[in-house]
Amino acid sequence: MDFSTPPTADWHQVVNRYYRKREIYSMAWDGSDIDISLLLVVAAPNGGPIAVTRDEKQIQVVKTGNLKPSIQIFTSSGYLISSFVWEKSRLVGMGWSEGERLLCVLEDGTVLMYSVFGELISQFSMGRDCKEQGVLDIQVWSSGLVALTHNLQLFAVTSLEDPRPRALADPGLENPPTSWVAVDPLYTISHSVEVFLATTSGTILAVDHEGVKDQLLSQGPFKKMAVSPTGKLLACFTENGDLWVSLSDFSKDLYQFPTKSKVPPKQMVWCGSDAVVLYWDKILLMITSGDWMKFTYEDPVYLIGEVDGTRIISNSLCEFLQRVPDSTEEIFRIGSTSPAAMLFDAAEHFEKKSPKADENIRSIRADLASAVAQCISAAGHEFSYPLQRQLLKAASFGKCFLEFYPSEPFVEMCKTLRVLNAVRYYEIGIPLTYEQYKQLTPEVLIECLINRHQHLLAWKICEYLKIKGDKVMVHWACTKVKTSADDSEITNLIVQKLEKVPGVSYAEIASAAYKFGRPRLATMLLDYEPRAADQVPLLISMQEDELALSKAIESGDTDLMYLVLLHIKRTKPIRDFMQVVHNKPAAMDLLIAYCKQQDLDLLKDLYIFYQEPDQLASTAILESYQQKDLDERLKGLQSAMRYYNESKEHQFQARQTEEQIKLLLVQKELEATIEGTKFVDLSLSDTIYRLCVKFDIKRATKIRSEFKVPDKRFWWIRIKAVAETRDWEGLEKLAKEKKSPIGYEPFIDVCIEGKALQEAVKYIPKLAEAEKRIEYFMKVGAVKEAADVAMKEKNPDMLLRIRDGTTNREHLQYVDMFLSQFQAKK
Amino acid sequence: MSGAPNLANAVINLNALREFSRRELVEVLDSVRGRKGLVLDPTFVGPLGLVAEVALIKERGVDKMYHLVPERLDTECKNVVYLCRPKVKYMKYIADHIHQHEAEGAKKEYWVFFVPRRTMICERVLEEEGVYGNITVGEYHLDLIPFDEDVLSLELDTAYRECLLDGDRTSLFYVARSLMKLQSLFGLIPNIKGKGILSRQVADMMLRMRREMGAEEPTITPEIDTLILLDRDTDMITPVCTQLTYEGLIDEVFGIQNTYVDLDAEIAGPIGPNKEKPPPGKKIKVALNSNDKLYNEIRNLNFSVLGPLLNRKAKEIDEYYKTRHGAQTVSAIRDFMKKLASTQQEHNSLNIHTNITEKILGITKDPAFHRRLEAEQCLVAGAETETSAEYIEECINKKDPLTKVLRLLILLCCTQNGLKPKQLEFFKREILQTYGFEYTFTLNNFEKLGLLRKSDGRSTFAGLRRALRLVVDDIDENNPSDIAYVYSGYAPLSVRLVQQAFRPGGWRSMDELLRQLPGPTFEEGQVLPNGVSYTPPGSLGYAPGEPGSTDRPVTLVFFIGGCTFTEIAALRFLSEQQQTDGIPRDFIIATTKLINGDTLIDSLVEQVELKRIERM
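Structure follows, in structure tokens:
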């Protein structure tokens, strides 16, 4: 091995473990006027960017022409990504959320979200209460933030996409907390955000939406607190200079360490989950259970807690302090004889063509598979290319001696390392470790790269890892629309590039073009968008109402149509609105359906505008039915009649409406003369029926002729009335009035129904068909009469059937007598 | 799931579809942490029951369940979860609840899950009511619900009315989305055929949605060979005729809802000497699906052959019980016991169905039923139209139920291609004077739909009747050879269209004829995604599938606007026959709603609220 320094050169033993601190970058800002001791520094985790701005709490020499503060964003290697002048009011705090978005919070609770390029992405408020009380301090986590107000109340937003500020329970503090931290909802048991407030009385309050829990501690007051990367542990620094580490649910104290410093550290962060790093001027102290270690720095530094270590930024360097991963330790620990170390050694010997290689391999034959796995894993933990290569070579060498060793882990690691090495390259400046990468996921890494406008690299990684790359292309296209080329040139360029990428959102690109002030380009691009649900809202915001409506109709999605309709209705004068809808029947129908449920006035306007008198008439009738006053109802019907009369087609309706008016007037009069009977709003037939039941045949007949009720119906009504009144005499009278227009069956039926069989018999002879007569005679039990009919018809078959229908001996004899006559004839 | 159909024998894995919906329901309920009260859209309770049993819902932290009705909601639950269709009236009820709770100082959190999706209008109403900020809005994408091994329904009660009368075609969007979901589970459907304007629109939307999906296309080998979309509108004759299959008649007489029928306890009650007599008036829910072996055997039969068949079954069961006395050896007794449970089940079912049959017989034996049937059959056959018209007039004069009158009138109108202007006015006037002037809106509705109309002089139905052999004279109900047995002589036009689709040349060969029915006719192919190939069963080069698969092409028939039980029976009958192209096919029926003439007409009758006159 021809490295100038052995891999263990930067290892430090702490108790029985090893820690290593390695230099990753020389900061590109070294030599410029960046001095982090004078700045407010906030860096994003997972090798993320560093935002700096003037620290208002420190007295500074303000250079001329630079009165307004600015925010500068650097890569972790110190390259300037962007810089923008801060025009807003005083900044209370900054923090990074997922996807490298910088949140800047103002005292009035306004939250501004910026990209790494200093572009404002969105802006929201922490709520009215928060605004009134004023923000004192904030805490940010990957997906949200919580604000502490001057009134010592807490307000949290847990989703940055859909920010809905909610108050946490009132902690009831009288003095500001001596320190406080928020726990990412991802790591709390309740899955909602939890805040720890250290009080001046020395305890900690755990606060969430539901309530406040006093942990009843006496070790405090705590001057600094830090939650471990997985939320399990809490480190607290007491007034007396003790570091105290416990489980974050306070169920168990883990260890305590007296630093003997009454001054609280400038910064306290976690190094993975197994050590805490504290920083005072010039001194860096790493404390773990049972041991500690000190580093001295001449330069000021800034610490970032990572899942697997601590990133240390100074004016000149970016370093990484971490516990040496197990596999690495196994291989490189001085004097290690672990199988992995033997394998690594064997591989070296093999390169030197030394027979020791074979010897080594033989000695670890049984553990070769795990040795290979450890070499692969150790490669992942290295930043140095030669070491990575050496470890992978060892793994590959070991693999040769194994019959069945899956190739995936090896291939996977090679791929991962290619990606990691690419993003670690100092110009990109993301010093991502293997652990961090696994936690971050490739998708989020790609998003970060996109946000840094590293489209080519992002696209290549997508292709390499076979991840869908449409987002990369869309983002690239979104930056292209801001170039100065002319509209069709850009459109062609974008369409050409994106043609082969499935699932590309043209709407997003168009939206970017529109926001950039290029509506024509936006419209051109939008035409390529296949998803109407994305197309339509943008067209609306571009005030292309008619086009939006057409596209919505094309999609068949009624919800989109409503979106456009309601938008136009709200923003345009009613005339224009109707003009737009006019020649689009699908939209028109939908609008009418909506109006019927929600907006009757608009409905009438529509009918007037489109000149639909029959619809207006319908509406008038409908409204008249809502009236409890008869005159009002009549008025409504009269206006309906006028509408109907406006055109020839609706003469029938006009006549019917007129009749209804007439009927109501008749019914009114009937109610006035006949006590205690309701007539109004009965149908015409029911009115007549009710009169018949009241034996008022005279008036029934009069109304019948006034309204030209057909004979048939009138007779049916009268017979039905008999069923109720059992007025058999009246029925007979009716039968004699004239020949029944509905035959005599109904007469018989009504008698049978009323169990007046004798009455029924009166009408049976009036039936024309012999069959029917026999049927009915049998039904009322008049067997002899039935037999008489059959005899008259000279039909022995009928007689036989009659015989089957009876058991009465007398009747049987009667029928048999007839039957015998037939047989005699034969 | 006791009452839900067992889907094990379905020709495509409908159980996967049901599981999909169950999983989503669990996700929806779990998204609300902690204990909660569930408020359900009352029209949605039945359909939901076919997807998830109450126990499953309770397991997900639901303490109490309520109906979403315009009343106070008193609940101790801190989390209130609404699950409802996106209807404006429901939004108002919800807003009232929230206002009520606020006024009473109860602090609660609210979730509204829309089925199958949220709408602008509803969200707007919640906003206007000032409660939108209190609510977390979500969606439950439940669409097609398996009603049986071969029946799926969206249970959109008013789809027909909304699409054709109100001009709100939202349901079509849901239809298209449900088909996309089916395709995601069972592969793209290579052939799409359709008749009618709504079908055309659904097909267009499907094609469009496929484009919108871009790269995320399913790459499953197609399990469904053909999709046939049919507008209810193309055949309004079938639903207005009285259904004559057993299942159809149960629906006509008792009404089947979500595969259940509510029966008087004395009809459905358990039998046996020890059982108590049920209290009168008590209703019992009986599940009607293929889980009931006996029912599965008789549901599609013409009702007239049911009596003898049930007798025979009773005898068989009797014989079986008798073998117990003859069983001497241990093995004979073992054989007896083996079949005991299933026979007892069958016995119980036989009892219920005998009772139902008797009840229905009481109705079908009535001369009134006969006259109606006679009128219907005459109209369909184009004979003695005058007598039928007089019969309708008599029905009005006797003030029979308006739904019956309208069913007959529509039949008259459809079979005569409209009424003479005088006749139309006469009937309209008769109806208004008999049932009341407020039915003018209802009549307007039917005219707008073209179900009541003036004749245009052309005689189209007679041609269709001949060409499609809609009337089959010599039907042997015991041993039918044609689908016409379901109406004792009339072959449902809709199912005839399905049959014709598989003739050589398909619908194209009878273009002229089909043009007489409303709406466009189309037959299209879908290009399958790269890497997916499909060889229809029965064609050259088809390799038989795994054991258990039927090796028959599956056809999905989607009735947009509703489907009757007789149509299902007719399609089941077809699946047992060779098709006109010589290939036997399996049919799966999907619809927006299972209907009969009464429920369809009812949905079109305008409910007018009449305020009582208090001042004159």
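Protein sequence lines correspond, in order, to chains A and B.
Counting the first sequence from 1 gives a position; my numbering is that position plus 192.
Counting the second sequence from 1 gives a position; my numbering is that position plus 294.
Glycine included, each C-beta is placed from N, C-alpha and C at the ideal position.
Fair warning: this is a prediction, and the values are worked out from it, not measured in the lab.
Cβ neighbours of W278 of chain A within its own chain (closer than 7 Å, five residues either side excluded): T245, K260, P261, S262, I263. D329 of chain A: member of the beta strand (DSSP E) spanning 327-333, first to last residue. Under the 10 Å beta carbon count, R825 of chain A is surrounded by 16 or more other beta carbons and is classified as buried. Each residue's CA atom was taken as its position, placing A974 of chain A and D1008 of chain A some 16 Å apart. The residues H647, in chain order, have a CB closer than 6 Å to that of W668 of chain A in the same chain once the five nearest residues on each side in sequence are set aside. Counting C-beta atoms within 10 angstroms of its own C-beta, R712 of chain A has fewer than 16 neighbours from the protein chains shown and is therefore classed as exposed. Exposure of V624 of chain B is indicated by the presence of fewer than 16 other C-beta atoms within 10 angstroms of its C-beta.
DSSP lists B:K330 as the beta-bridge partner residues of V356 of chain B.
Below the 7 Å Cβ cutoff, chain A contributes D781, L782, I784, A785 as neighbours of G461 of chain B, in chain order. Beyond the five residues adjoining it in sequence on each side, P377 of chain A comes within less than 7 Å, by CB distance, of T350, H383, S384, V385 in the same chain, given in chain order.
The C-alpha of I854 of chain B lies about 59 Å from the C-alpha of E498 of chain A.
Distance from the CA atom of F602 of chain A to the CA atom of I659 of chain A, rounded to whole angstroms, is 20 Å.
Fewer than three beta-carbon pairs drawn from the segment 767-780 of chain A and the segment 850-868 of chain B are found closer than 8 Å, and the two stretches are therefore not classed as touching. Around the beta carbon of V821 of chain B, a 10 Å sphere encloses fewer than 16 other beta carbons of the protein chains shown; the residue is thus reported as exposed. Here DSSP, grouped into helix, strand and coil, assigns T392 of chain A to coil.
Cβ-Cβ separation between G403 of chain A and A361 of chain A: approximately 5 Å, consistent with a contact (criterion under 8 Å).
In the structure shown, A359 of chain A falls within a strand segment according to DSSP collapsed to helix, strand and coil. With a 10 Å radius around the Cβ and a threshold of 16 neighbouring Cβ atoms, P380 of chain B comes out buried.
Unbroken alpha helix (DSSP H) runs of no fewer than 4 residues, entirely contained in the segment 538-567 of chain B, are found at 540-547, 559-562, following chain order. Cβ-Cβ distances below 8 Å link V303 of chain A to L295, C296, V297, Q315, F316, S317, M318, L337, V349, P355 in the same chain, with the five nearest sequence neighbours on each side left out; the list follows chain order. For K579 of chain B against D556 of chain B, the beta-carbon gap comes to about 6 Å, under 8 Å, which counts as contact. According to DSSP, E290 of chain A shares a beta bridge with no other residue. For R503 of chain A, the enclosing beta strand (DSSP E) starts and ends at 501-506. K689 of chain A has a beta carbon lying at 7 Å or more from every beta carbon in chain B. Between P531 of chain A and A563 of chain A, the C-beta spacing is below 7 Å. Looking from the CA of L458 of chain B, the closest CA among B:L588, B:D770, B:L898, B:G891 belongs to B:L898.
G973 of chain A: not part of any alpha helix (DSSP H); DSSP gives it neither H nor E.
For K870 of chain A, there is no enclosing beta strand (DSSP E), as DSSP gives it neither H nor E. By the rule that beta-carbons nearer than 7 Å mark a contact, V902 of chain B touches chain A. Excluding its 5 nearest sequence neighbours in each direction, R918 of chain A has C-beta neighbours in its own chain below 8 Å: G946, A948, listed in chain order. Chain order gives the chain A residues near V382 of chain B as Q789, Q790, where near means a beta carbon separation below 7 Å.
In terms of Cα proximity to Q859 of chain A, the closest of A:T849, A:D873, A:A846 is A:D873. Taking a contact as a CB-CB distance under 8 Å, the pair Y784 of chain B and V674 of chain B counts as one, their CB atoms being some 5 Å apart. Membership of V756 of chain A in the alpha helix (DSSP H) is indicated by the continuous run 750-763. Proximity of the segment 501-519 of chain B to the segment 479-492 of chain B meets the contact definition, three or more beta-carbon pairs being nearer than 8 Å.
Closest by C-alpha distance to N643 of chain A, out of A:T671, A:Q448, A:K764, is A:T671.
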